[in-house]
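In our numbering, the protein residues as written are 585 to 912. Even for Gly, the Cβ is constructed at its ideal location relative to N, Cα and C. Please read all numbers here as calculations on a predicted model, not as lab measurements.
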């Protein structure tokens, strides 16, 4: 009886979430906006004008999946505390503020140069970057981000930035080299023992995630945060599939659903789960106690295997039913 009550509460929370979000006005995605990406590029640029720390204060844009616009937004983002920093050596960083660490982390990057008043961007994870306009105190910048390096799953941004300072050392930027090995990922961690399919099978909510991004063999970013509100799940099936299910919201009616975004296969041998690589690699069940499981795995951002994500995640059993989530 208690289990059914728990499931009803969870369903009510998940299905009410998008309704709550759409009532928040300018701070959230808007079904009624139609975003046009501006053309052209500023021709009045100099390094003296561009170099500095610029705060994101407003963002417009759209998400495009397989050629279809699935989401659009036009909102104030000043409270997010995210910044662009343009350095004199040609680095451009998009910094994401992390409340738990009270530091900024490098979210995206590119290199730039300025010639004849125009900025040219190349390399990194920021794509199709253009500075559309720039005054002494305000900049409009256009850029695209590929989700996991997939050119068929992109977000296009038109951001308005406000100059905080021409200094580039204002923000405390997290330095991953200060982390101790094993804090976020331990490749030699032993697998849990004494497991049965009955223990593993089911739908598991991801409640906490920590990990690292490794580029060219160097740790460039880390995270360590509660992710319960994201409502992403792992589903472990009787046939040996382990599938990462990512929550989505339909663009028109905002009904939540889940899609597979990574998987691996596993078998049980002598009480241990042995995983073979799929789109998730080196997966292990590190512990399983009651309704809580800890797993780790690798995810590569592109087909070159040059950018790797290391994940260690805590899961909480939602139900032993593997058909619990609405999928598309």
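With 16 or more other CB atoms across the displayed protein chains lying within 10 angstroms of its CB, residue 857 is buried. Each residue's CA atom was taken as its position, placing residue 689 and residue 636 some 17 angstroms apart.
Contact between the stretch 870-888 and the stretch 808-817 is not established, with fewer than three Cβ pairs separated by less than 8 angstroms. Pairing residue 782 with residue 821, the inter-Cα distance amounts to about 10 angstroms. A contact is defined here as three or more CB-CB pairs under 8 angstroms, and the stretch 707-727 fails this definition with respect to the stretch 646-653.
Per DSSP, the continuous beta strand (DSSP E) segment holding residue 731 begins and ends at 722-731.
Using a Cβ distance threshold of 8 angstroms, residue 755 and residue 638 do not count as a contacting pair. Measuring C-alpha to C-alpha distances from residue 727 to each of 703, 686, 750 identifies 703 as the nearest.
By the Cβ-count criterion, residue 851 is exposed, with fewer than 16 other Cβ atoms from all chains shown falling within 10 Å of its own Cβ. Burial is judged here by how many other beta carbons sit within 10 angstroms of a residue's own beta carbon; residue 889 has fewer than 16 and is exposed. Relative to the Cα of residue 622, the nearest Cα in the group 682, 716, 681 belongs to 716. Within the same chain, 892 come within 6 angstroms of residue 798 by CB-CB distance, once the 5 residues on both sides are set aside.
A direct Cα-to-Cα measurement between residue 802 and residue 769 gives close to 14 angstroms.
Beta bridge pairing from DSSP links residue 828 with 818. In the DSSP assignment, residue 652 falls within the unbroken beta strand (DSSP E) covering 652-660. In this structure, the beta-carbon distance from residue 713 to residue 724 does not fall below 8 angstroms.
In this structure, residue 645 lies near residue 739, with their beta-carbon atoms less than 8 angstroms apart.
A straight-line Cα-Cα distance of about 19 angstroms links residue 907 and residue 877. One thing to note: residue 668 has its Cβ no nearer than 8 angstroms to the Cβ of residue 686. Checking the DSSP bridge columns, you'll see residue 794 partnered with 808, 896. Residue 895 places its beta carbon less than 8 angstroms from that of residue 881.
For residue 648, no alpha helix (DSSP H) encloses it; the enclosing beta strand (DSSP E) starts and ends at 636-649. In the DSSP assignment, residue 883 falls within the beta strand (DSSP E) that extends over 876-884. The DSSP-derived three-state label of residue 621 is coil. The residues 848, 850, 867, in chain order, have a CB closer than 6 angstroms to that of residue 859 in the same chain once the five nearest residues on each side in sequence are set aside. For the pair residue 819 and residue 811, the CB atoms are not nearer than the 8 angstroms cut-off.
Residue 628 and residue 701 have their alpha carbons spaced roughly 5 angstroms apart. The residue among 846, 711, 886 with its C-alpha nearest the C-alpha of residue 829 is 846. Taken atom to atom, the span from the alpha-carbon of residue 779 to that of residue 788 is near 16 angstroms. Under the three-state reduction of DSSP output, residue 784 falls in the helix class. With a beta-carbon spacing of about 16 angstroms, residue 698 and residue 752 fall beyond the 8 angstroms limit used to define contacts. Straight through space, the alpha carbons of residue 692 and residue 674 are spaced by roughly 14 angstroms. Under the DSSP assignment, residue 857 falls in the beta strand (DSSP E) whose first and last residues are 856-860.
Beta-bridge partners of residue 717 (DSSP): 724.
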